[in-house]
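Residue numbers (the working numbering), protein chains in the order written: chain A, 18 to 491; chain B, 366 to 539.
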């Protein structure tokens, strides 16, 4: 019962019927995987093996396997952690914030963006674990009565806040994602022809029957979950930024960090969503669902957040100059013109300058170009974290302690390997779960389009439904 | 156990389903439930489903999380083992805010979703009682209660068909 404006473009093109949606979205689940899927999956498994190898090596040898030194104690590990957590922000942003704003274009992309969130947070958590050096004591930041008497954690520390923030974010995102999946899992259950599929999808569908009473409650909790996830997603990256902002290191001790990190997280998250969706719509043939209008909307978000991040870079410079604090001023001059100048200017050009091309309609609607841009955005955002962490640390208050940091092959392998972990999980998701939210997409399809179809297709359709009902004894 | 007899009208369009439900209710039939592949907006109000109390549950869970988090942090850092780290005070409300906020949200999400599963009687591995296998695909079903010797089934069937039903069936439920 929705009003369809004659002016607005359709969110789903190709005159799809409800049945078409079900068929298109369940196709990858119900058929043998394509060649492309096998190639991608094998490749990511290989890269995942690199991650397992390099991480195991680190755990066995210790942090000496990394290029850290007395001056630069955080480098690739925390850079990668913040990078992945940032990527993990787009999913919940798309599904929660855009739900509150009633942006219906989110409906074809929220499922895969949320999946991406969960996988990215898994990657981020893996860096926290390996960076501890002794991952078997990873439970220490959790306030548990322990063997040292009841020596509790220090609640003044943002690192402890981070433990709560990341774990809450992960588990709430997982719940939100699963709640969204239940009606679609039920759809797959009711179409299942193999025993295994019937059992597993039936198991996770939790007896979903699509009744009006259930739907009513479902809508209530979806709205509340969106309402609580919105401040949650903003809080998580704010707290991550406080890991730096509450310290006294020049270049870190900055009050604009929380909003600036959140904007950066949205920026990099949308970058990664675009990377994945431009491929997915091509490979899985979902161009009618993820249309150019979707790419257009997402690239606008990329441009706005990229510009916000760029403004933060410039503001930092201004504040350092205006503060009159020598150390602060040096930290920023050193970033731009010191030995890591190349990292700084990579960040500047990828994050502030490059996204400005999205002022042009052509750039916003040309998939191959958007794909290249999304990679550039990801590179830029990785370098942003590298610049913040390494350039602030490597030349501190005491010139005798100044040092340079170079990553070892192990660290580079873990970084590359983490993409293997991410894509490994993503390919599994594409094979076993519907990558587009069918129930939501069906709700935005216009209800009176009988005229769009010939008489024949309509006839076939009703014949087939009758047949299917007969098979299942209904 | 009493067996319930229902007449099912199967539709292919949410607007038709909404209109038919309205007609049925106006004609005095008792609509047991409407099954659909996605939420039909407004049909809950039409059927007189009261606004779910899950939002109240969510608020109570949020308050539980909030008070537990505050109590625990104050207990740990002020009463049980006060420590001076970086000269910061032991009872320092601002530093409790992030964890309190996160735990409130954690409790809300898990508490509310658990309540949702309980009121819908949903659990992992439940054998679904599906009214029609196609309601998760592309069809909409209105289930109308039939009272023995009271309801004129012929008229009901006609009403369903007149409002665009693709098929009309009978179903008994225990």
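C-beta atoms are modelled at their ideal positions from N, C-alpha and C, and glycine is treated no differently.
(request) Give the residues from the stretch 206–218 of chain A that approach chain E closer than 8 Å (Cβ to any Cβ), ordered along the chain. (result) Within the model displayed, chain E is absent; protein chains A and B are what it includes.
(message) I'd like to know whether the C-beta of residue 394(B) is nearer than 9 Å to at least one C-beta of chain A.
(response) Indexing the second chain from 1 puts residue 394(B) at position 29. No - not a single Cβ of chain A is within 9 Å of the one on residue 394(B).
(request) Run down chain B in chain order and give the residues with a C-beta less than 8 Å from the C-beta of residue 235(A). (result) Counted from its first residue, the first chain places residue 235(A) at position 218. Ordered by position in chain B, the residues that pass the 8 Å Cβ test against residue 235(A) are 404 and 481.
(request) Could you give the DSSP three-state label for residue 396(B): helix, strand or coil? (result) By 1-based counting over the second chain, the position of residue 396(B) is 31. Residue 396(B) falls in the strand class under three-state DSSP.
(request) Measuring alpha carbon to alpha carbon, tell me which of 233(A), 386(A) and 301(A) ends up nearest residue 451(A). (result) On the first chain, residue 451(A) is found 434 positions in, with the first residue counted as 1. Of the residues 233(A), 386(A) and 301(A), the one whose Cα lies closest to the Cα of residue 451(A) is 301(A).
(message) Please tell me whether residue 525(B) has its Cβ less than 9 Å away from any Cβ of chain A.
(response) Numbered from its first residue, the second chain carries residue 525(B) at position 160. So no, residue 525(B) is outside the interface.
(request) Measure the C-alpha to C-alpha separation of residue 331(A) and residue 406(A) and round it to an integer number of angstroms. (result) Counting from 1 along the first chain, the entry for residue 331(A) is found at position 314. Counting from 1 along the first chain, the entry for residue 406(A) is found at position 389. Each residue's alpha carbon lies about 17 Å from the other.
(request) Check the Cβ-Cβ distances between residue 583(B) and every residue of chain A, and say whether any is below 9 Å. (result) Nothing about residue 583(B) can be reported from this structure: the residues present for chain B run from 366 to 539 only.
(request) Note down, in chain order, each residue of its chain lying with its Cβ closer than 8 Å to the Cβ of residue 380(A), except the 5 sequence neighbours on either side. (result) The residue you call residue 380(A) lines up with position 363 of the first chain. The beta carbon of residue 380(A) sits closer than 8 Å to the beta carbons of 316, 374, 386, 387 and 390 from its chain, once the five residues preceding and following it are set aside; these are given in chain order.
(message) Taking a contact to mean a Cβ-Cβ separation below 9 Å, would you say residue 62(A) touches residue 437(A) in this structure?
(response) By 1-based counting over the first chain, the position of residue 62(A) is 45. By 1-based counting over the first chain, the position of residue 437(A) is 420. Yes. Within cutoff.
(request) Within the same chain, show all residues whose beta-carbon is closer than 6 Å to that of residue 285(A), passing over the 5 residues directly before and after it, in chain order. (result) For the purposes of this step, residue 285(A) is taken as the residue at position 268 of the first chain. Hits under 6 Å: 103, 104 and 398.
(message) Taking beta-carbon pairs under 8 Å, can you tell me which members of the stretch 221–234 of chain A lie near chain B?
(response) So the list reads 221, 222, 223, 224, 225, 226, 227, 228, 229, 230, 231, 232, 233 and 234, given in the order they occur along the chain.
(message) Less than 9 Å between CB atoms is the rule here; does residue 246(A) satisfy it with respect to chain B?
(response) Position 229 of the first chain, counted from the first residue, corresponds to residue 246(A). So yes, residue 246(A) belongs to the interface.
(request) Could you run through the stretch 485–496 of chain B and flag, in chain order, every residue whose CB is less than 9 Å away from some CB of chain A? (result) Cβ contacts with chain A: 485, 486, 487, 488, 489, 490, 491, 492, 493, 494, 495 and 496.
(message) If we require 4 or more residues per run, which alpha helix (DSSP H) segments fall completely within the stretch 396–473 of chain A?
(response) The stretch 396–473 of chain A contains these whole alpha helix (DSSP H) runs: 426–449 and 455–460.
(message) Output needed for residue 70(A): all residues of its chain with C-beta closer than 8 Å, excluding positions within five of it in sequence on either side, in chain order.
(response) Translated into positions along the first chain, residue 70(A) becomes position 53. If we look at residue 70(A) and ignore the five residues flanking it on each side, its Cβ neighbours are 430 and 434.
(request) Measure the C-alpha to C-alpha separation of residue 39(A) and residue 86(A) and round it to an integer number of angstroms. (result) Along the first chain, read from residue 1 onward, the residue named residue 39(A) stands at position 22. Along the first chain, read from residue 1 onward, the residue named residue 86(A) stands at position 69. The alpha-carbon atoms of residue 39(A) and residue 86(A) are separated by roughly 55 Å.
(message) Measuring only the C-alpha atoms, how far is residue 290(A) from residue 169(A)?
(response) For the purposes of this step, residue 290(A) is identified with residue 273 of the first chain, where counting begins at 1. For the purposes of this step, residue 169(A) is identified with residue 152 of the first chain, where counting begins at 1. Each residue's CA atom was taken as its position, placing residue 290(A) and residue 169(A) some 40 Å apart.
(request) Spatial neighbours of residue 521(B) within its chain, please: CB distance less than 7 Å, with the 5 preceding and 5 following residues excluded, ordered by chain position. (result) As a working mapping, residue 521(B) is identified with position 156 in the second chain. Non-local C-beta neighbours of residue 521(B) in its own chain, meaning closer than 7 Å and more than five positions away in sequence, comprise 372, 394 and 509, ordered along the chain.
(request) Can you have a look at residue 124(A) and say buried or exposed, based on whether 16 or more other CB atoms are within 10 angstroms of its CB? (result) Position 107 of the first chain, counting from 1, holds the residue named residue 124(A). It counts as buried.
(request) Flag this pair as touching only if the stretch 380–399 of chain B and the stretch 197–208 of chain A have three or more C-beta atom pairs under 8 Å; answer yes or no. (result) Taking a cut-off of 8 Å for Cβ pairs, the stretch 380–399 of chain B and the stretch 197–208 of chain A do not touch, as fewer than three such pairs fall below it.
(request) Please determine, among 448(A), 461(A) and 414(A), the residue with the shortest C-alpha to C-alpha distance to residue 88(A). (result) Position 71 of the first chain, counting from 1, holds the residue named residue 88(A). That would be 414(A), whose Cα lies nearest to the Cα of residue 88(A).
(request) Could you say if the stretch 186–198 of chain A and the stretch 257–275 of chain A meet the contact criterion of at least three C-beta pairs nearer than 8 Å? (result) The stretch 186–198 of chain A, when compared against the stretch 257–275 of chain A, does not touch it at the 8 Å Cβ threshold.
(request) Rank 458(B), 471(B), 453(B) and 465(B) by C-alpha distance to the C-alpha of residue 544(B) and give the top, closest one. (result) In the structure as shown, chain B starts at 366 and stops at 539, and residue 544(B) therefore has no counterpart that could be examined.
(message) Mapping the DSSP letters down to three states, classify residue 127(A) as helix, strand or coil.
(response) For the purposes of this step, residue 127(A) is taken as residue 110 along the first chain, with counting starting at 1. DSSP, reduced to helix, strand and coil, places residue 127(A) within a helical segment of the structure shown.
(message) Applying the 10 Å Cβ sphere with the 16-neighbour rule, what's the burial state of residue 178(A)?
(response) Here residue 178(A) is taken as the residue at index 161 of the first chain, counted from 1. Residue 178(A) comes out buried.
(message) Quick check on DSSP: helix, strand or coil for residue 486(B)?
(response) Locating residue 486(B) in the second chain gives position 121, counting from the first residue. Residue state, collapsed to three classes: coil.
(request) Select from 253(A), 133(A), 216(A) and 198(A) the residue whose C-alpha is nearest the C-alpha of residue 181(A). (result) The residue you call residue 181(A) lines up with position 164 of the first chain. Answer by Cα proximity: 253(A).
(message) Against chain B, does residue 372(A) count as a neighbour if the rule is that its beta carbon must be under 9 Å from one of theirs?
(response) For the purposes of this step, residue 372(A) is taken as residue 355 along the first chain, with counting starting at 1. So, not an interface residue.
(message) Using 8 Å as the cut-off, can you tell me whether the stretch 417–437 of chain B makes contact with the stretch 215–227 of chain A, which would need three or more C-beta pairs spanning the two stretches below that distance?
(response) No, the stretch 417–437 of chain B is not in contact with the stretch 215–227 of chain A.
(request) For residue 415(B), count neighbouring C-beta atoms within 10 Å of its own C-beta (all shown protein chains included) and say buried if the count is 16 or more, exposed if not. (result) Taking the second chain and counting its residues from 1, the one referred to as residue 415(B) is at position 50. Classification of residue 415(B): exposed, given that the 10 Å Cβ count is below 16.
(request) Inspect the beta-carbon positions of residue 127(A) and residue 31(A) and report whether they are closer than 9 Å. (result) As a working note, residue 127(A) is residue 110 in the first chain. As a working note, residue 31(A) is residue 14 in the first chain. It is not a contact, given that the beta carbons lie outside the stated cut-off.
(message) Can you look up residue 288(A) in the DSSP assignment and give me helix, strand or coil?
(response) Numbered from 1 along the first chain, position 271 holds the residue referred to as residue 288(A). If DSSP states are grouped into helix, strand and coil, residue 288(A) belongs with the helices.
(message) Considering just the uninterrupted stretch of the beta strand (DSSP E) at residue 375(B), what are its terminal residues?
(response) By one-based count along the second chain, residue 375(B) stands at place 10. That run of the beta strand (DSSP E) goes 369–376.
(message) Along the chain, where does the alpha helix (DSSP H) containing residue 203(A) start, and where does it finish?
(response) Here residue 203(A) corresponds to residue number 186 of the first chain, with the count starting at 1. Secondary structure note for residue 203(A): its alpha helix (DSSP H) is the uninterrupted segment 175–208.
(message) Among the candidates 342(A), 106(A) and 384(A), whose CA atom is the shortest distance from the CA of residue 307(A)?
(response) Reading the first chain from its first residue, position 290 is the one you call residue 307(A). Closest option to residue 307(A), Cα to Cα, is 384(A).
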